[in-house]
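Here is the structure we will look at, set down as C-alpha cells.
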DNA sequence: TTTTTACTTTACGTTTACGTAAACTTCCGC
DNA sequence: GCGGAAGTTTACGTAAACGTAAAGTAAAAA
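Residue numbers (my numbering), protein chains in the order written: chain A, 497 to 627; chain B, 497 to 627.
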C-alpha cells in the first residue's frame, strides 16, 4: 500500500519537480499541507492536487487558472446556488478549451506527419542520389 | 479568392493578436515579412507561419521551440543527411509530446465530467431540498 | 492643407513561474 | 556530540512574452 503522507521531496522526486516549485504553489494558495513543527506534510489529496496542477501546466493552464478552479470546487461543498452555477460555467469553459486543444493537436499531428514523410523522402533521395 | 499579401493589421485582426506580438515574433526570428518601404508585407506562407506559431502557443510551445522547428525545416531543403536526421528526431519528439498531451486531456476531461455531474447533483439537491 | 489613420522604431515596464543564494533549524547516523 | 542531509524562511534575480509609452513617417481623407 502506498503511504498516506508524503514529504516535500517525496513529491518532488515522484513528479520530477523541484521543492522550490512545490513551495511556490503553496505560496500561490494552490496547496495547503499540514505541518509537523516546521516541516510540511502532504496528504493523499494534497498529492492529487499537485498532480492536477502539473497536468494543467502541461496543457498551458496558468497557476492562477488552476487555483480559481480549486477555489470554486472547494467552495462548492458549502456553496450557494450561485456558486454552483459559477463553477458549472467554469467547468464548461475548460471543457470547451480542451476541445479546441484536441483540434489543435489533430492539426499539428497532420502537419508533423506530412513533414515527417517529406523528410523521409528527402533522406531516401540523398541515399540513392548523393548529390 | 483570398489576397496573397497581408498587412500587419490584417493578420492581427484575423488571428486576434496585437501587432506588437507579430512584430515581436519577427524580432525573435519566427517571421520574415518583406518590406515596401518601411511597411511590412506578409505573404501567404508568412500567414501560415503565424498560424503555426499561434497553434503552438495554444499547446504550450515556447517561441524558441517553434523557431527551432522552423529553422530545421528551412535548412532541410538544402540540408545534409545530418540535418535531416536531426529534423526527424525533433519531429518525433514533438509527436510524442502531443501524444502525452492527448493523454493529459483525456484525463482532465474525465475529471471535469465527474466534477460536472457532482456539481449537477448538488444543484438538484439544493432545488429539491433548499437547506 | 491639415488631420486622421496606419505604420514604424526604441526602450523601458510587467507578469508568471520559478532559480538561486543566504542564513538558519532539526534530525539521523556514526 | 558532530557532521551532513533535508528541511525551513527571506529575498533578490531571471527568462519569456509581450504591454505600453514616446516620437516619428507616410499616405489617405476631409
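We treat Cβ as the ideally placed atom computed from N, Cα and C, and that holds for glycine.
Range covered by the beta strand (DSSP E) that runs through residue i
| i | result |
| --- | --- |
| residue 539 of chain B | 535 to 539 |
Identified DSSP bridge partners for residue i
| i | result |
| --- | --- |
| residue 502 of chain B | B:538 |
| residue 532 of chain A | A:535 |
Chain-ordered chain A contacts of residue i [CB-CB under 9 Å]
| i | result |
| --- | --- |
| residue 578 of chain B | None at all; the shortest Cβ gap to chain A is about 10 Å. |
| residue 517 of chain B | Going along chain A, no residue has its Cβ under 9 Å from residue 517 of chain B, so there is no contact; the nearest lies around 16 Å. |
Counted within 10 angstroms of its Cβ, other Cβ atoms place residue i as buried (16 or more) or exposed
| i | result |
| --- | --- |
| residue 542 of chain B | buried |
| residue 597 of chain A | buried |
| residue 529 of chain B | buried |
| residue 545 of chain A | buried |
| residue 560 of chain A | exposed |
| residue 558 of chain A | exposed |
| residue 606 of chain A | exposed |
| residue 509 of chain B | exposed |
| residue 576 of chain A | exposed |
Chain-ordered chain B contacts of residue i [CB-CB under 8 Å]
| i | result |
| --- | --- |
| residue 647 of chain A | With chain A represented from 497 up to 627, any question about residue 647 of chain A goes unanswered, as that position is not in the structure. |
| residue 605 of chain A | 591 and 594 |
| residue 559 of chain A | Within chain B, no residue comes near residue 559 of chain A; the closest Cβ sits about 14 Å away, beyond 8 Å. |
Euclidean distance between Cα positions of residue i and residue j
| i | j | result |
| --- | --- | --- |
| residue 505 of chain B | residue 523 of chain B | 17 Å |
| residue 608 of chain B | residue 599 of chain A | 18 Å |
| residue 619 of chain A | residue 514 of chain B | 39 Å |
| residue 511 of chain B | residue 517 of chain B | 11 Å |
| residue 551 of chain A | residue 602 of chain B | 11 Å |
| residue 569 of chain B | residue 583 of chain B | 7 Å |
| residue 538 of chain B | residue 502 of chain B | 5 Å |
| residue 534 of chain B | residue 499 of chain B | 21 Å |
| residue 531 of chain A | residue 507 of chain A | 15 Å |
| residue 525 of chain B | residue 594 of chain B | 24 Å |
Range covered by the alpha helix (DSSP H) that runs through residue i
| i | result |
| --- | --- |
| residue 583 of chain A | 577 to 624 |
| residue 555 of chain A | Residue 555 of chain A -> no alpha helix (DSSP H), and no H or E assigned at all. |
| residue 562 of chain B | 559 to 572 |
| residue 523 of chain B | 515 to 523 |
Partners in chain B for residue i, counting only beta-carbon separations shorter than 7 Å
| i | result |
| --- | --- |
| residue 592 of chain A | The premise fails here: residue 592 of chain A is roughly 10 Å from chain B at the closest Cβ pair, so nothing lies under 7 Å. |
| residue 618 of chain A | 572 and 580 |
| residue 632 of chain A | Residue 632 of chain A cannot be examined here, being either before or after the span of chain A that is shown, 497 to 627. |
| residue 526 of chain A | Within chain B, no residue comes near residue 526 of chain A; the closest Cβ sits about 16 Å away, beyond 7 Å. |
Contacts that residue i makes with chain A (C-beta to C-beta distance below 7 Å)
| i | result |
| --- | --- |
| residue 587 of chain B | 608, 611, 612 and 615 |
| residue 583 of chain B | 615 |
| residue 507 of chain B | Those within 7 Å of residue 507 of chain B in chain A number zero; the least Cβ separation is about 18 Å. |
Contact list for residue i against chain A, beta-carbon separation under 8 Å
| i | result |
| --- | --- |
| residue 597 of chain B | 554, 555, 597 and 601 |
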